[in-house]
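Novice:
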Amino acid sequence: MARMTKAQREWHPDMPKKRRSVKALFASTVLVLEAFAVLFGTLVSFGLHRDEYPVGLLLAGGALLSVALIATCAFISRSAGLKTGWVLQVLIVATGFVEPMMFFVGILFAAAWWYALNTGSRLDRENVERDEAQREWAAAQPEETPGQQPG
Numbered sequence: 250m251a252r253m254t255k256a257q258r259e260w261h262p263d264m265p266k267k268r269r270s271v272k273a274l275f276a277s278t279v280l281v282l283e284a285f286a287v288l289f290g291t292l293v294s295f296g297l298h299r300d301e302y303p304v305g306l307l308l309a310g311g312a313l314l315s316v317a318l319i320a321t322c323a324f325i326s327r328s329a330g331l332k333t334g335w336v337l338q339v340l341i342v343a344t345g346f347v348e349p350m351m352f353f354v355g356i357l358f359a360a361a362w363w364y365a366l367n368t369g370s371r372l373d374r375e376n377v378e379r380d381e382a383q384r385e386w387a388a389a390q391p392e393e394t395p396g397q398q399p400g
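Counting in the numbering used here, the sequence shown runs from 250 upward without gaps.
1. Mind checking residue 346: buried by the 16 CB within 10 Å criterion, or exposed?
2. Between the region 260 to 270 and the region 351 to 359, do at least 3 Cβ pairs fall closer than 8 Å?
3. Using the beta-carbon count (16 or more within 10 Å), is residue 390 buried or exposed?
4. Here's the rule I'm using: 16 or more other beta-carbon atoms within 10 Å means buried, otherwise exposed. How should residue 313 be labelled?
5. Looking only at its own chain, which residues have a Cβ that is under 8 Å from the Cβ of residue 337, when we skip the five neighbours before and after it?
6. Within this structure, are the beta carbons of residue 306 and residue 294 separated by less than 7 Å?
7. Given this structure, state the Cα-to-Cα distance separating residue 363 from residue 350, to the nearest angstrom.
8. On the CB-based measure, 16 or more other CB atoms within 10 Å of its CB, does residue 368 come out buried or exposed?
9. Please check the pair residue 276 and residue 366, which I expect to be a contact at CB under 8 Å, by giving their CB distance rounded to whole angstroms.
10. Look at the Cβ atom of residue 291, then the Cβ atom of residue 311, and state whether they are nearer than 7 Å.
11. Short of 8 Å in beta carbon distance, which residues of its chain neighbour residue 331, apart from the five on each side in sequence? Order them along the chain.
12. Taking the alpha-carbon positions, what's the residue 377 to residue 342 distance?
13. Rounded to whole angstroms, what's the CA-CA distance from residue 328 to residue 335? Just pull it up for me.
14. Name the residue from 278, 300, 392 and 256 whose alpha carbon lies nearest to the alpha carbon of residue 361.
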């Protein structure tokens, strides 16, 4: 017999599905896009600055930052994930010291990160209010049996 998760054991028919966080979705999307930008920025830095910086340091640093951005998506719904995300934003901006164009890219992504967190939080609050209004409305409606004509 397969082992069931706690959520599977506690499930019952007509149980409302728990909403996923819009904030976590938006934040994860920004982090994944940043990972690609850092990866491509690493390749640009490798091509333009391989004589100025050790090649291994350039490639390893960019790869490590990209992996950290992707890994942060796994715990983005926790406060540590959001704090890590902010630290990563600073690190992306700091890559501008290797390739100056990354200052611009990093600032734009930091703005996207801030917008994703604020807009996601607002939408999550609106969803909670909407769900509560739906529950109140459903509780106020009389139960009808199937096939029975209303009124």
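Glycine included, each C-beta is placed from N, C-alpha and C at the ideal position.
Specialist: On the basis of the supplied data:
1. Flag for residue 346 reads exposed.
2. no
3. exposed
4. Result: exposed.
5. 280, 283, 314, 317, 318 and 321
6. no
7. 20 Å
8. exposed
9. 6 Å
10. yes
11. 276, 325 and 366
12. 35 Å
13. Each residue's Cα considered, the two are about 11 Å apart.
14. 278
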